[in-house]
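Residue 1 is where the sequence shown starts when you use our numbering, and the numbers rise one by one after that. This report concerns only the one structure given below.
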Amino acid sequence: MIRLNCFILAKEDKKETVLEAARRLTAASLQQEGCVAYDIFTSATRPEVMMICETWRDQAALDAHSASDEFIKYVGEMRENAEMKLERFEF
């Protein structure tokens, strides 16, 4: 299994734009083959900080996700409006 934690710091006045893209990405990702879990979290102390926590069955499922039209569209929107950092864990 592969766990990704994607930390997101929205640019000023862009939190709702980023959050909406993250919600759409989450909805699409949950339907993809090999997606074990996918969720969005918002910081209780810093509202502009969010995290997407996702778990994939294997690298092939993650590769398919990363190549999907939804990933390209919504991650592109998030990158335009936020700084992003990715952590990866395998178990």
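Just so it is clear, CB atoms sit at the ideal spot from N, CA and C, and this is done for glycine as well. Just so it is clear, the structure is predicted and the values come from calculations on it, not from any experiment.
Using a threshold of 9 Å, state whether the C-beta atoms of Val36 and Arg57 are closer than that. If you number the sequence shown from 1, residue 36 lands on position 36. If you number the sequence shown from 1, residue 57 lands on position 57. Yes. Within cutoff.
So Ala28 packs on Glu70, CB below 8 Å; how close in whole Å? For the purposes of this step, residue 28 is taken as residue 28 along the sequence shown, with counting starting at 1. For the purposes of this step, residue 70 is taken as residue 70 along the sequence shown, with counting starting at 1. That belief holds up - the Cβ atoms of Ala28 and Glu70 are roughly 4 Å apart, short of 8 Å.
Selected residue, minimal CA-CA separation from Lys14, among Met78, Leu25, Thr42: On the sequence shown, position 14 is the one that residue 14 refers to. For the residues Met78, Leu25, Thr42, the minimum Cα distance to Lys14 belongs to Met78.
Assign Met50 to buried or exposed, taking buried as 16 or more other Cβ atoms, counted over all protein chains shown, within 10 Å of its Cβ. To locate residue 50, count along the sequence shown from 1; it is residue 50. Buried, by the Cβ-count rule.
Using three-state DSSP, classify Glu87 as helix, strand or coil. Within the sequence shown, residue 87 is the residue found at index 87, counting from 1. The answer is strand: DSSP assigns Glu87 an E or B state.
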